[in-house]
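Residue numbers (my numbering): 46 to 301.
In this text, a Cβ means the ideal position worked out from N, Cα and C, and glycines have one as well.
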């Protein structure tokens, strides 16, 4: 389990029940990793942090940000001091792994729907912006299979609040099925991302990652350029394609 997930679980771990329908304060077990301070979580802190997370969700969804003072107002002074070092809305979400795709003839898109188009390892794929605008849908960790049968991972990111699109891949091109990038809310008006223990803003240069060319255009334009494209369908379990569609070997992009 990654450190920030352990940190988050420690923050939101519920208080214990005394068996009589009421709640009792948990022992001072929680260590906030950023400050190294030992903190006794009170019921007030649990309620305040729950509100804090919900505010982060709302702000991420609507693209608005509130001040840190607004968001920390419901916490105890001790908890506030521990969280003062953070500067982002508290919304942690893993990116979508093993995304679902359908062939062009099964795509339920209008001609004027906007898509993010990429060609990786000679394989065209379209990611409709509408499928990447949901609260937990801004990051899609995908891969294509190269001519040698190895997975080439890349990640498509889209922030509907800033209209920013970025596609990333590993700079060393090591075979892998996912870059395991996720979101952490908003920071200074930008989508905040993470990979492992590294967090970065969407447009920030990140060691070990490099940009992948993409095109943002209407579905009709992309389909005209790439009639054999696959289309990302978002969170639609009834449309998950076969492994043959997802991972079939592709032609060498350097070949004529």
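Worksheet item: Is the beta carbon of residue 188 sitting closer than 8 Å to the one on residue 198?
Response: Taking the first residue of the chain shown as 1, we reach residue 188 at position 143. Taking the first residue of the chain shown as 1, we reach residue 198 at position 153. Yes.
Worksheet item: By how many angstroms is the C-alpha of residue 254 removed from the C-alpha of residue 269?
Response: Along the chain shown, read from residue 1 onward, the residue named residue 269 stands at position 224. Along the chain shown, read from residue 1 onward, the residue named residue 254 stands at position 209. Separation of residue 269 and residue 254 (C-alpha to C-alpha, rounded to the nearest whole angstrom) is 30 Å.
Practice prompt. Write down the C-beta distance between residue 160 and residue 174 rounded to the nearest angstrom, noting that I regard them as a contact closer than 8 Å.
Written response: Translated into positions along the chain shown, residue 160 becomes position 115. Translated into positions along the chain shown, residue 174 becomes position 129. Right, their Cβ atoms sit about 7 Å apart.
Practice prompt. If I'm right that residue 251 touches residue 154 with Cβ under 8 Å, what's the distance once you round it to whole angstroms?
Written response: As a working note, residue 251 is residue 206 in the chain shown. As a working note, residue 154 is residue 109 in the chain shown. The Cβ separation is near 31 Å, so there is no contact.
Discussion item. Assuming residue 186 and residue 224 are in contact, meaning their beta carbons sit under 8 Å apart, how far apart are those beta carbons, in whole angstroms?
Written reply: Looking up residue 186 in the chain shown gives position 141. Looking up residue 224 in the chain shown gives position 179. Contact holds; Cβ gap of about 6 Å.
Discussion item. Given this structure, state the Cα-to-Cα distance separating residue 191 from residue 220, to the nearest angstrom.
Written reply: Against the chain shown, residue 191 aligns to sequence position 146. Against the chain shown, residue 220 aligns to sequence position 175. One C-alpha to the other measures close to 9 Å.
Worksheet item: Who pairs with residue 235 in a beta bridge, going by DSSP?
Response: Along the chain shown, one-based indexing puts residue 235 at 190. BP columns for residue 235 point to 232.
Fill in: Buried or exposed (CB count within 10 angstroms, at least 16 for buried), residue 151
The residue you call residue 151 lines up with position 106 of the chain shown. Classification of residue 151: exposed, given that the 10 Å Cβ count is below 16.
Item to complete: Give the straight-line distance between the Cα atoms of residue 201 and residue 167, rounded to the nearest whole angstrom.
Response: By 1-based counting over the chain shown, the position of residue 201 is 156. By 1-based counting over the chain shown, the position of residue 167 is 122. Between residue 201 and residue 167, the C-alpha separation is close to 17 Å.
Discussion item. Helix, strand or coil, according to DSSP, for residue 265 in the structure here?
Written reply: Residue numbering aside, residue 265 sits at position 220 when the chain shown is read from its first letter. Three-state result, residue 265: helix.
Worksheet item: Which residues in the same chain have their Cβ closer than 8 Å to the Cβ of residue 178, if we skip the five residues on either side of it in sequence?
Response: Residue numbering aside, residue 178 sits at position 133 when the chain shown is read from its first letter. The residues are 203, 205.
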